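Novice: By the UniProt record's numbering, the letter at position 151 of the sequence shown is numbered 151, and the numbering carries on one by one without gaps. Idealized CB from N, CA, C, for every residue including glycine. Every value quoted in this text rests on a predicted model; they were computed, and no experiment measured them.
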Amino acid sequence: MELGIALPTSGHFVSREAIVRVAQEAERLGYKGLWTYERLLYPLAEVDYVGKGETGPLDRYYRIAFEPIETLSYVAAKTEHIKLGTSIINTPFHSPVVLARRFATLDQFSNGRAIAGLGQGWMEQEFITSNVTRKYRGRGSEEFIAAMRAAWGPDPIQFRGEFYTIPPSLIDPKPIQKGGIPIIMGDSPLLL
1 MELGIALPTS
11 GHFVSREAIV
21 RVAQEAERLG
31 YKGLWTYERL
41 LYPLAEVDYV
51 GKGETGPLDR
61 YYRIAFEPIE
71 TLSYVAAKTE
81 HIKLGTSIIN
91 TPFHSPVVLA
101 RRFATLDQFS
111 NGRAIAGLGQ
121 GWMEQEFITS
131 NVTRKYRGRG
141 SEEFIAAMRA
151 AWGPDPIQFR
161 GEFYTIPPSL
171 IDPKPIQKGG
181 IPIIMGDSPL
191 LL
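1) Just the Cα atoms here: how many angstroms apart are Gly117 and Ile183?
2) Which full runs of the beta strand (DSSP E) of 3+ residues lie inside the stretch 99-159, going along the chain?
3) Please report the straight-line C-alpha distance between Ser95 and Lys83, rounded to a whole angstrom.
4) Terminal residues of the continuous alpha helix (DSSP H) containing Thr71?
5) Got a sec, what are the start and stop residues for the beta strand (DSSP E) Ile184 sits in?
6) Along the beta strand (DSSP E) that carries Ala26, what are the first and last residues, could you check?
7) Three Cβ pairs or more, each shorter than 8 Å: is that satisfied between the stretch 65-85 and the stretch 131-149?
8) Can you give the Cα-Cα distance for Tyr61 and Pro156, rounded to whole angstroms?
9) Could you tell me the alpha carbon to alpha carbon distance between Phe174 and Asp59, rounded to whole angstroms?
10) Classify Asn90: buried if its beta carbon has 16 or more other beta carbons within 10 angstroms, exposed otherwise.
11) With DSSP as the reference, label Thr91 as helix, strand or coil.
12) Using only CA atoms, which one of Asn131, Phe163, Leu34 lies nearest to Phe93?
13) For Ala151, count neighbouring Cβ atoms within 10 angstroms of its own Cβ and tell me buried if that reaches 16, exposed if not.
14) Would DSSP call Pro57 helix, strand or coil?
15) Please classify Gly179 as buried or exposed, where buried requires at least 16 other C-beta atoms within 10 Å of its C-beta.
16) Pick from Arg134, Gly85, Ser110: whose alpha carbon is nearest that of Gln120?
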């Protein structure tokens, strides 16, 4: 069994120093991965916990949340071998080429340690802020992953789908990991 640990990228103890201290100690103790997540905003209105049938305020823990890939890139410079993953980044709020390039850059800077944890989003306020509808969930997320994998593939790239199109292009950098960066899917309102 491989164990990972969440970086303190939000909550009462969020700080650059705490993130580095936890990352370095986790690596020293033999943990296999460091994880962080995306939260676009802290809504002032109550949120609808999709699938739970309840509404309420988002926990104050999420009031501040550091950006995941930028945080992991910083941590990559402070560690040597521990994997660096997102748990999760919501695909509807991003462009697949831009996110593919950001993950590839992390993979380059970390010497092949990136893991792309992706989800479909759940909080209505984040969909509104991103100016996208929930129609990108499901098939849109599957196509998003296909477009990311295309961007990580050999040049020239070309991709055409229902939701995303990449005209014939050269897209770099490429990930160090053969076959591209591992992708895991998660999508629970409790996986924050």
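Specialist: Looking at the coordinates:
1) 6 Å
2) 114-119
3) 24 Å
4) 68-76
5) 183-185
6) Looking at the DSSP string, Ala26 is not in any beta strand (DSSP E); the run it does join, the alpha helix (DSSP H), is 16-28.
7) no
8) 44 Å
9) As written in the sequence, residue 174 is Lys, which differs from the Phe given in the question. Distance between the alpha carbons of Lys174 and Asp59: 37 Å.
10) buried
11) helix
12) Asn131
13) buried
14) coil
15) exposed
16) Arg134
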